[in-house]
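No gaps in the numbering here: position 429 of the sequence shown is 428 in numbering that gives the first Met the number 0, and each next residue is one more.
Working notes, structure below.
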Amino acid sequence: MASQVATPTTLPTSTSLSSPSSPPLLSPDDEQLLAKLEEQNRLLATDSKSLRSMNGSRRNSGSSLVSSSSASSNLSHLEEDTWMMWGRVVNEWEDMRKKKEKQLKDLVVKGIPHHFRAIVWQLLCNAQNMAIKDQYSDLLKMTSPCEKLIRRDIARTYPEHDFFKEKDSLGQEVLFNVMKAYSLVDREVGYCQGSAFIVGLLLMQMPEEEAFCVFVKLMQDYRLRELFKPSMAELGLCMYQLECMIQEHLPELHLHFQAQSFHTSMYASTWFLTIFLTCFPLPAATRIFDIFMYEGLEIVFRVGLAILQMNQAELIQLDMEGMLQHFQRVVPHQLDSGPDKVIQAAYQVKYNAKKMKKLEKEYTSIKSKEMEEQVEIKRLRTENRLLKQRIDTLEKKVASRCSEEAVLQLERELVQARLKEAESQCALREMQDKILDMEKRNTSLPDDTNVARLQEELMAVKVREAEALSGLKELRQQVRDLEDHWQRHLARTSGRWRESPKKNALSELQDELMSVRLREAEAQAELRENRQRMLELETQNQIHNNHLRRAEQEGRSLQERVQTLTTQNKNLHGQLQEIKRRQAEMECKSKEEVMAVRLREADNMAAMAELQQHISELEIQKEEGKVQGQLNHSDSNQFIQDLQDHITELKHEICCLKVQRGMAKPPTYDIIKQYAGDDNDDEDDEDEEEEGTKEQHQTGGGRVTLHPKLGATDSEEEDEAPTHRYTSV
């Protein structure tokens with residue numbers, strides 16, 4: 000199968016077109032296509048290093064198309080139709096790419112005929128007319144720093160293929176030339192082993208100059224250059240995007256991978272670095288490469304997810320080692336029958352370009368945060384190292400001198416900090432009192448709900464009052480009626496003793512009727528009074544219920560206010576703790592700054608003392624040279640002159656250190672002012688040290704070695720870990 004891809008069949012020619020199964024006449028488009036293919040044949044025939052000339056499948060450029068009539072006569076009708084269709088595609092390439100893009104994509108997905116791949120691949124990546132092609136021969140004359148690596152890995156590229164398996168063969172030579180030329184063009188990428196498989200596939204289809212141009216285009220326009228950079232940042236992005244797609248489409252498999260610590264890079268790195276050329280059989284990988292030439296890395300994501308879908312059931316049952324063996328031994332043989340099933344499943348995968356862009360932004364932000372953290376860690380390590388050095392120096396030279404003054408200064412600063420803290424607490428209490436007053440004022444003001452309830456109670460009271468008044472009017476009317484009846488009764492009974500017994504009985508009955516009416520009126524009056532009392536009690540009950548409801552609402556509002564005040568108290572307490580923490584940080588920072596100032600001053604003083612000591616030593620050497628006469632007259636004068644120059648330079652350095660010492664003192668700390676008044680004492684101490692040094696030299700003291708200038712900051716960065724490039728597939 001590999002030899003079929005490696006050795007393309009000779010193209011049908013005008014002789015085959017005159018066969019009974021072909022049209023009798025050639026169209027202008029067919030003639031133009033034949034001219035292009037004739038030119039390709041001529042280039043391949045003249046290229047002594049090409050695969051086709053080595054296999055002897057090409058004749059000279061004048062007879063290559065004519066001599067292929069016998070081969071074309073064996074083609075089936077389907078192959079001839081495919082050849083004619085792709086011939087029209089090549090002739091009408093611009094129109095097909097602009098107006099019939101979907102049709103062109105369908106043709107590429109079905110597979111490009113192997114004898115058309117050379118020209119179609121160049122058209123797909125727009126590499127047919129590149130200026131860099133003229134520089135190829137000059138690049139081969141140059142020397143590349145990657146030549147040893149390329150030579151070492153050449154034998155590992157397609158080791159079972161006839162074109163590349165023999166040592167120092169023509170295939171290995173042209174592969175070396177293309178890889179060497181690109182390593183000189185792009186020195187940042189240089190050489191990476193995975194790229195050799197792509198170049199080897201290109202060399203199976205076209206001469207080395209054209210393969211070089213196509214490879215340059217792939218690196219520039221198909222994201223391969225970012226994949227093969229030393230940092231391999233683009234490969235990490237592809238792994239992140241593929242892992243997110245697996246999490247979305249295959250959640251169970253993703254959880255199994257995580258449980259087994261089976262990272263995406265362990266099985267998918269070679270998918271992107273070699274476009275499946277080392278994972279699948281060469282014919283299947285070439286079909287996938289056809290689609291890659293059309294749409295880029297999208298097909299790698301699609302095919303990778305399709306493979307995982309096809310093998311999901313088996314992978315879930317395996318552990319890490321079993322999954323690795325499954326990807327290495329089982330998956331490649333699934334495509335032995337052809338890639339059509341995998342390609343069809345790949346185009347069933349949902350690929351969202353916008354979501355991939357979003358994932359790219361997320362990955363970039365994650366990496367930027369990691370870089371910031373690494374930079375911060377390096378900075379902290381450097382600062383830690385510098386602080387350790389300064390602490391050691393401080394403990395050795397300045398601890399005994401400045402301890403008491405430092406304690407006094409820190410005590411003063413602590414008193415100031417506590418005063419500021421007390422002021423902040425007083426201000427905090429005042430703010431709390433103001434908040435409580437405002438809340439009391441707000442509660443005293445009636446709100447809308449209270450006013451509405453009071454209005455409802457007032458309306459109810461007025462209604463009951465109107466009812467009571469109407470009942471009172473009725474009672475008064477009844478009283479007046481009874482009084483009228485009573486007067487009439489008195490008028491009738493005034494002459495009862497004069498009347499007859501019958502009339503007396505009638506009058507008694509009338510008296511009883513009147514008494515009954517009076518009792519009825521009294522009962523009605525009592526009933527009215529009871530109803531009025533009941534209304535009053537109901538009104539009082541409603542008023543009491545309203546009061547109780549308002550009391551409950553006030554109680555709830557008070558509870559909420561208590562909770563709010565408790566929360567505010569906690570927040571204020573937290574703010575107080577934060578203020579204390581910041582105060583402590585300020586104290587620490589002030590202490591560190593004070594110690595840094597003192598450290599720099601001590602370093603400068605030590606450097607001045609050492610320089611003065613060195614000056615005294617040089618003066619003593621000069622005197623000894625004069626007295627002893629170890630040198631001749633001319634040499635001693637020159638020696639004395641050199642010593643004087645050296646003394647002058649050292650004095651100049653002392654002046655510079657004094658100036659730096661003056662500039663290094665920050666004007667915001669009181670402790671520096673104390674040192675300002677002690678300069679004369681320091682100078683006296685320096686004079687005493689200088690005299691002591693001279694006495695030491697005169698009495699045979701040991702020689703003092705001048706140290707480098709102290710106080711300089713160490714700006715050395717830690718060695719970065721070497722970046723590992725992809726060296727095995």
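Just so you know, even glycine gets a beta-carbon here, dropped at the ideal spot from N, CA and C.
TODO: Give the straight-line distance between the Cα atoms of Phe256 and Thr269, rounded to the nearest whole angstrom.
DONE: Position 257 of the sequence shown, counting from 1, holds the residue named residue 256. Position 270 of the sequence shown, counting from 1, holds the residue named residue 269. Our two residues, Phe256 and Thr269, have alpha carbons roughly 18 angstroms apart in a direct line.
Task: Backbone secondary structure at Asn90 - three-state DSSP - done: As a working note, residue 90 is residue 91 in the sequence shown. Residue state, collapsed to three classes: helix.
Open item on the list: Helix, strand or coil for Gln134? Go by DSSP, reduced to three states.
Closed with: Here the question's residue 134 lines up with position 135 in the sequence shown. Helix, per DSSP.
TODO: Evaluate the contact criterion for the stretch 143-159 versus the stretch 175-184: three or more CB pairs, one atom per stretch, below 8 angstroms.
DONE: As far as the Cβ criterion goes, the stretch 143-159 touches the stretch 175-184, which means the pair count is three or higher.
- [ ] Look up Leu526 in the DSSP assignment and say whether it is helix, strand or coil.
- [x] Working through the sequence shown from its first residue, we reach residue 526 at position 527. The answer is helix: DSSP assigns Leu526 an H, G or I state.
Open item on the list: Helix, strand or coil, according to DSSP, for Cys278 in the structure here?
Closed with: Within the sequence shown, numbered from 1, the residue matching residue 278 stands at position 279. In the structure shown, Cys278 falls within a coil segment according to DSSP collapsed to helix, strand and coil.
Open item on the list: Assuming His253 is part of the alpha helix (DSSP H), what are its boundary residues?
Closed with: Residue mapping note: residue 253 aligns to position 254 of the sequence shown, counting from 1. Here the alpha helix (DSSP H) through His253 covers 250-258.
Open item on the list: Which of the three DSSP states is assigned to Arg301 in this structure?
Closed with: To locate residue 301, count along the sequence shown from 1; it is residue 302. Looking at Arg301 - three-state DSSP - the assignment turns out to be helix.
Task: 8 angstroms Cβ cutoff met for Pro280 and Leu202 - done: As a first step, residue 280 is located in the sequence shown; it is residue number 281 there, counting from the start. As a first step, residue 202 is located in the sequence shown; it is residue number 203 there, counting from the start. Between Pro280 and Leu202, the C-beta gap is not smaller than 8 angstroms, which leaves the two residues out of contact.
- [ ] Pick helix, strand or coil for Cys191, following the three-state DSSP scheme.
- [x] Within the sequence shown, numbered from 1, the residue matching residue 191 stands at position 192. Reduced to three states, the DSSP call for Cys191 is coil.
Task: Straight-line Cα distance separating Pro206 from Leu323 - done: Translated into the one-based positions of the sequence shown, residue 323 becomes position 324. Translated into the one-based positions of the sequence shown, residue 206 becomes position 207. Taking the straight line from one Cα to the other gives about 37 angstroms.
- [ ] Could you check which residue in Ser194, Gln121, Asp137, Val119 has the C-alpha nearest to that of Asp152?
- [x] Within the sequence shown, the letter at position 153 stands for residue 152. Considering only alpha carbons, the answer is Ser194.
- [ ] Alpha carbon to alpha carbon, how far is His325 from Pro338? Give it in angstroms, no decimals.
- [x] Stepping through the sequence shown from its first residue, residue 338 is reached at position 339. Stepping through the sequence shown from its first residue, residue 325 is reached at position 326. So the alpha carbons of these two residues sit roughly 18 angstroms apart.
TODO: Identify, in the order they occur along the chain, each residue of the same chain with its Cβ nearer than 8 angstroms to the Cβ of Phe214, setting aside the five sequence neighbours on each side.
DONE: One-based indexing of the sequence shown puts residue 214 at position 215. For Phe214, same chain residues with a beta-carbon under 8 angstroms away, outside a window of 5 residues either side, are Val177, Tyr181, Ser194, Ile197, Val198, Leu201 in chain order.
- [ ] Compute every distance between the C-beta of Gln388 and the non-hydrogen atoms of the ligand ZN, then say whether any falls below 7 angstroms.
- [x] Only the bare structure without any ligand can be found here, which leaves the ligand ZN out of the picture.
TODO: Report the residue from Arg96, Cys243, Leu106 whose alpha carbon sits nearest the alpha carbon of Thr81.
DONE: Here residue 81 refers to the residue found at position 82 when the sequence shown is read from its first residue. Among Arg96, Cys243, Leu106, the Cα nearest to that of Thr81 is on Leu106.
TODO: Note down, in chain order, each residue of its chain lying with its Cβ closer than 7 angstroms to the Cβ of Leu409, except the 5 sequence neighbours on either side.
DONE: In the sequence shown, counting from the first residue as 1, residue 409 sits at position 410. The answer, listed in chain order, is Lys590.
Task: Cutoff 6 angstroms; reference Leu103; Cβ partners in own chain excluding five residues on either side - done: Along the sequence shown, one-based indexing puts residue 103 at 104. Listed in chain order, the non-local C-beta contacts of Leu103 below 6 angstroms within the same chain comprise Met95, local neighbours out to five positions each way being set aside.
Open item on the list: Quick check on DSSP: helix, strand or coil for Cys212?
Closed with: In the sequence shown, counting from the first residue as 1, residue 212 sits at position 213. Of the three classes helix, strand and coil, the one that applies to Cys212 here is helix, per DSSP.
- [ ] Keeping to the same chain, check which residues put their C-beta closer than 7 angstroms to that of Val108; ignore five residues upstream and five downstream.
- [x] Counted from its first residue, the sequence shown places residue 108 at position 109. For Val108, where only same-chain residues beyond five positions count, the Cβ hits under 7 angstroms are Ile290, Ile342.
Task: Validate contact between the stretch 366-373 and the stretch 248-263 using beta carbons, cut 8 angstroms, 3 pairs - done: Contact between the stretch 366-373 and the stretch 248-263 is absent, because fewer than three Cβ pairs lie under 8 angstroms.
TODO: Quick one: residues in its chain with C-beta nearer than 7 angstroms to the C-beta of Ala154, no 5 flanking neighbours on either side, listed in chain order?
DONE: As a working note, residue 154 is residue 155 in the sequence shown. Only Lys166 meet the Cβ criterion.
Open item on the list: Suppose you measure from the CA of Leu705 to the CA of His613; what does that come to, to the nearest Å?
Closed with: Reading the sequence shown from its first residue, position 706 is the one you call residue 705. Reading the sequence shown from its first residue, position 614 is the one you call residue 613. Unreliable positioning characterises Leu705 in this predicted model, as indicated by a pLDDT of 37, which lies under 50. A coordinate reading is not provided.
Open item on the list: Just to confirm before moving on: does the CB-CB distance between Arg378 and Val348 stay below 8 angstroms?
Closed with: Working through the sequence shown from its first residue, we reach residue 378 at position 379. Working through the sequence shown from its first residue, we reach residue 348 at position 349. In this structure, Val348 does not lie closer than 8 angstroms to Arg378 by Cβ.
- [ ] Over the uninterrupted alpha helix (DSSP H) stretch that includes Val119, give me the two end residues.
- [x] By 1-based counting over the sequence shown, the position of residue 119 is 120. For Val119, the enclosing alpha helix (DSSP H) has its first and last residue at 116-124.
TODO: Might you give, ordered along the chain, the residues of its own chain that have their beta carbon closer than 7 angstroms to the beta carbon of Thr263, omitting 5 neighbours on each side?
DONE: Counting from 1 along the sequence shown, the entry for residue 263 is found at position 264. Excluding sequence neighbours, Thr263 sits near Met238, Leu241, Glu242.
Task: Ala154, DSSP secondary structure in three states - done: Along the sequence shown, read from residue 1 onward, the residue named residue 154 stands at position 155. In this structure, Ala154 counts as coil in the three-state DSSP scheme.
Open item on the list: With the cut-off set at 8 angstroms, would you say Ala344 and Ala305 are in Cβ contact?
Closed with: Against the sequence shown, residue 344 aligns to sequence position 345. Against the sequence shown, residue 305 aligns to sequence position 306. Between Ala344 and Ala305, the C-beta spacing is below 8 angstroms.
TODO: Measure from the alpha carbon of Tyr346 to the alpha carbon of each residue in Glu297, Leu512, Glu464, then state which is nearest.
DONE: Sequence index remark: in the sequence shown, residue 346 carries index 347 (1-based). Taking only the C-alpha atoms, the option nearest Tyr346 is Glu297.
TODO: Classify Arg475 as helix, strand or coil using the three-state DSSP reduction.
DONE: Residue numbering aside, residue 475 sits at position 476 when the sequence shown is read from its first letter. Correct three-state label for Arg475: helix.
Task: Val184: first and last residue of the uninterrupted alpha helix (DSSP H) it sits in - done: Residue numbering aside, residue 184 sits at position 185 when the sequence shown is read from its first letter. Start and end: 169-184.
Task: Helix, strand or coil at Lys349 [DSSP, three-state] - done: As a position in the sequence shown, residue 349 is number 350, starting the count at 1. Coil.
Task: Lys389 versus Leu598: straight-line alpha-carbon distance, rounded - done: Within the sequence shown, the letter at position 390 stands for residue 389. Within the sequence shown, the letter at position 599 stands for residue 598. What sits at residue 389 in the sequence shown is Arg, not Lys. So the alpha carbons of these two residues sit roughly 7 angstroms apart.
TODO: Could you tell me whether the Cβ atoms of Tyr293 and Leu123 are closer together than 8 angstroms?
DONE: In the sequence shown, counting from the first residue as 1, residue 293 sits at position 294. In the sequence shown, counting from the first residue as 1, residue 123 sits at position 124. Taking 8 angstroms as the Cβ cut-off, Tyr293 and Leu123 qualify as a contacting pair.
Open item on the list: Can you list, in chain order, the residues of its chain with a C-beta nearer than 6 angstroms to that of Glu208? Leave out the 5 residues immediately preceding and following it.
Closed with: In the sequence shown, counting from the first residue as 1, residue 208 sits at position 209. Excluding the 5 residues flanking it on each side, Glu208 has same chain C-beta neighbours closer than 6 angstroms at Lys132, Tyr135, in chain order.
Task: Status (buried if at least 16 other CB within 10 Å, exposed otherwise) for Gln171 - done: Locating residue 171 in the sequence shown gives position 172, where the first residue counts as 1. So Gln171 ends up on the buried side.
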